[in-house]
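2 protein chains.
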Amino acid sequence: MTSPRPLRADAARNRKLLLAAAADEFDVRGLDVSVADIARRAGVGKGTVFRHFATKDDLIAAIVLDRIAALTETGGELLNAPDAGAALLEFLSVVAREMQHFDLVYLQRAAELVPELSRAQERLFRHVHVLVERARSYGAVRADITGADVVALMCAPKHAASSLPDAPPDLWQRYLAIIFDGLRPAGAHPLPQPPPSSP
Amino acid sequence: MTSPRPLRADAARNRKLLLAAAADEFDVRGLDVSVADIARRAGVGKGTVFRHFATKDDLIAAIVLDRIAALTETGGELLNAPDAGAALLEFLSVVAREMQHFDLVYLQRAAELVPELSRAQERLFRHVHVLVERARSYGAVRADITGADVVALMCAPKHAASSLPDAPPDLWQRYLAIIFDGLRPAGAHPLPQPPPSSP
DNA sequence: CAGTAACCTGACCATGCGGTCCGGTTATGA
DNA sequence: TCATAACCGGACCGCATGGTCAGGTTACTG
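These protein sequence lines are chains H and X, in that order. Residues in the first sequence are numbered from 1 upward in steps of one, following our numbering. Residues in the second sequence are numbered from 200 upward in steps of one, following our numbering.
1. Is the beta carbon of X/ALA210 within less than 7 Å of some heavy atom of the ligand HEM?
2. Residues of chain X with CB closer than 7 Å to the CB of H/PRO165, please, in chain order.
3. For X/GLY274 and X/ALA342, I'd like the C-alpha separation in whole angstroms.
4. Could you check which residue in H/PRO165, H/HIS101, H/SER137 has the C-alpha nearest to that of H/GLY30?
5. What is the DSSP secondary structure of H/ALA84, counted as helix, strand or coil?
6. Short of 7 Å in beta carbon distance, which residues of its chain neighbour H/ARG71, apart from the five on each side in sequence? Order them along the chain.
7. Less than 8 Å between the C-beta atoms of X/ALA351 and H/LEU183, yes or no?
8. Once the 5 residues before and after X/PRO398 are set aside, which same chain residues still bring their CB inside 7 Å of it?
9. Given X/ALA283, which residues of its chain have a CB within under 7 Å of its CB, disregarding the five upstream and five downstream residues?
10. Identify the contact partners of H/SER118 in chain X, using a Cβ-Cβ distance below 8 Å as the criterion.
11. For H/ASP32, is the classification buried or exposed, using 16 other Cβ atoms within 10 angstroms of its Cβ as the cut-off for buried?
12. Taking any Cβ of chain H, which residues in the stretch 282–308 of chain X have a Cβ under 9 Å from it, in chain order?
13. In the structure shown, what three-state DSSP assignment does H/ASP58 receive?
14. Going along the chain, which residues of the stretch 365–381 of chain X sit with their C-beta nearer than 9 Å to a C-beta in chain H?
15. Beta-carbon separation of X/ILE267 and X/ALA347 under 8 Å?
16. By the DSSP assignment, the alpha helix (DSSP H) with H/ILE179 in it spans what residues?
17. Verify the CB distance criterion: does H/SER162 have a CB-CB separation below 8 Å to chain X?
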């Protein structure tokens, strides 16, 4: 349905190069990088970009779509994990590690433009809801925490960490731990601390 | 020192109008609004903007500077509050309420451009450090929480809340409570919940 | 190996931006 | 009231960006 004819060899290659270059560039320099820069980085003419993606937003959407899909798969695998609390935490770790500059505010905007992205987003959020629901009845998070809450807080660790100028690259883990602690029932066992360097 | 001659009446009026219009516009539509739009909203020609602020960044800096100063004052008043934990929480509430689109990542960038802003930022952060230090020895936050942590997480509540499309305007309070809970020592008394509607 | 359609390229266009400037206007104070 | 300097406005400039297109190039097919 999607491909009445397979892509030509060079076209397929360029498409991959473009997606990789764009993903890199977006992560490092934000979504404002020019299409020309992306094309140059991919070793390709600017026109080629617009041959594969009708608009710059479509290019971004394609990348976001990939990541959303990957996260959705991860979420799906965790849906039946025995420890629902650990499953939710693991999921949030993957989200934080994967999501760079693509925080939710942009995702919302992009989803309005590309209906396919909107659907993918919905699938992901549905998984989050289930993960939260299970973690709740498991007693790992407070009773009043909803899926929407976790969605809203999903990108906070990375965002907070990146707002400090010279922070270690794994600082987000610290903030994820803090926020996850804030979701726990009162008096619950705290998060197992990351292994200390020295005994 | 700053004014060898007071501003002319119309000039002063236009300056205020511009600051107000710009602050509004930035909060609602983000920092990408064009200078022309701001001028139009203030009922003023575009040239007038650049007469008062040499560059768009200077305009933004002026607004941010105002807010930073206000927050610094608030922080100063709380430095000697009897309940250090409540003081820190109160401070974070004010920050979240005041800061709209001006999250830290932009603040950092702007501070690099305008040295005065950088100094103001430093003053504010110094207050945060003291507030955190006091809250720590007061037992309201964990021993390993630093001022930098709180600075990084300062804007998270508002940011998280604003990432949900149709959220109540006070949702950030909920996320501030969650994050602040995550800062508490293990097993500490949870945050006093917002007053329930029904007795 | 040839014919062809898919593909690539970079010059080109339209647009919107920050910032400049000069002719006209207005507040001010003597 | 009048002279003047401060101020205002909006046409204008240079530049960067997203997007288009004609013409040359290249991978597939028979």
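Just so it is clear, CB atoms sit at the ideal spot from N, CA and C, and this is done for glycine as well. Nothing here was measured: the structure is a model prediction, and the numbers come from that model.
Result, derived from the coordinates:
1. No copy of the ligand HEM appears in this structure; indeed no ligand is present at all.
2. Counting from 1 along the first sequence, the entry for residue 165 of chain H is found at position 165. Those are GLN307, listed as they occur along chain X.
3. One-based indexing of the second sequence puts residue 274 of chain X at position 75. One-based indexing of the second sequence puts residue 342 of chain X at position 143. Cα-Cα distance, rounded: 21 Å.
4. As a working mapping, residue 30 of chain H is identified with position 30 in the first sequence. Comparing Cα positions, the closest option is H/HIS101.
5. The residue given as residue 84 of chain H occupies position 84 in the first sequence. Note: H/ALA84 maps to helix in three-state DSSP.
6. In the first sequence, counting from the first residue as 1, residue 71 of chain H sits at position 71. The identity of residue 71 of chain H in the sequence shown is Leu, whereas the question assumes Arg. Counting only Cβ-Cβ distances below 7 Å, and skipping sequence neighbours, we find VAL94, VAL95, GLU98, LEU124.
7. Translated into the one-based positions of the second sequence, residue 351 of chain X becomes position 152. Translated into the one-based positions of the first sequence, residue 183 of chain H becomes position 183. No, these two residues do not count as a Cβ contact at 8 Å.
8. Within the second sequence, the letter at position 199 stands for residue 398 of chain X. Interpretation of X/PRO398 is limited by its pLDDT of 32, a score under 50 that renders its predicted location unreliable; the figure taken from the coordinates is listed afterwards. So the list is empty, once near-sequence residues are dropped.
9. Here residue 283 of chain X refers to the residue found at position 84 when the second sequence is read from its first residue. Only ARG333, ALA334, TYR337, ALA339 meet the Cβ criterion.
10. Along the first sequence, one-based indexing puts residue 118 of chain H at 118. Result: empty, since nearest Cβ-Cβ is about 11 Å, beyond 8 Å.
11. The residue given as residue 32 of chain H occupies position 32 in the first sequence. Its Cβ having fewer than 16 others within 10 Å, H/ASP32 is exposed.
12. ASP302, LEU303, VAL304, LEU306, GLN307
13. Mapped onto the first sequence, residue 58 of chain H falls at position 58. Reduced to three states, the DSSP call for H/ASP58 is helix.
14. ALA366, LEU370, ARG373, TYR374, ALA376, ILE377, ILE378, PHE379, ASP380, GLY381
15. For the purposes of this step, residue 267 of chain X is taken as the residue at position 68 of the second sequence. For the purposes of this step, residue 347 of chain X is taken as the residue at position 148 of the second sequence. It is not a contact, given that the beta carbons lie outside the stated cut-off.
16. Residue 179 of chain H sits at position 179 when you count from the first residue of the first sequence. Looking at the DSSP string, the run of the alpha helix (DSSP H) that includes H/ILE179 is 171–183.
17. Residue mapping note: residue 162 of chain H aligns to position 162 of the first sequence, counting from 1. Chain X, which has a Cβ nearer than 8 Å to the Cβ of H/SER162, makes this yes.
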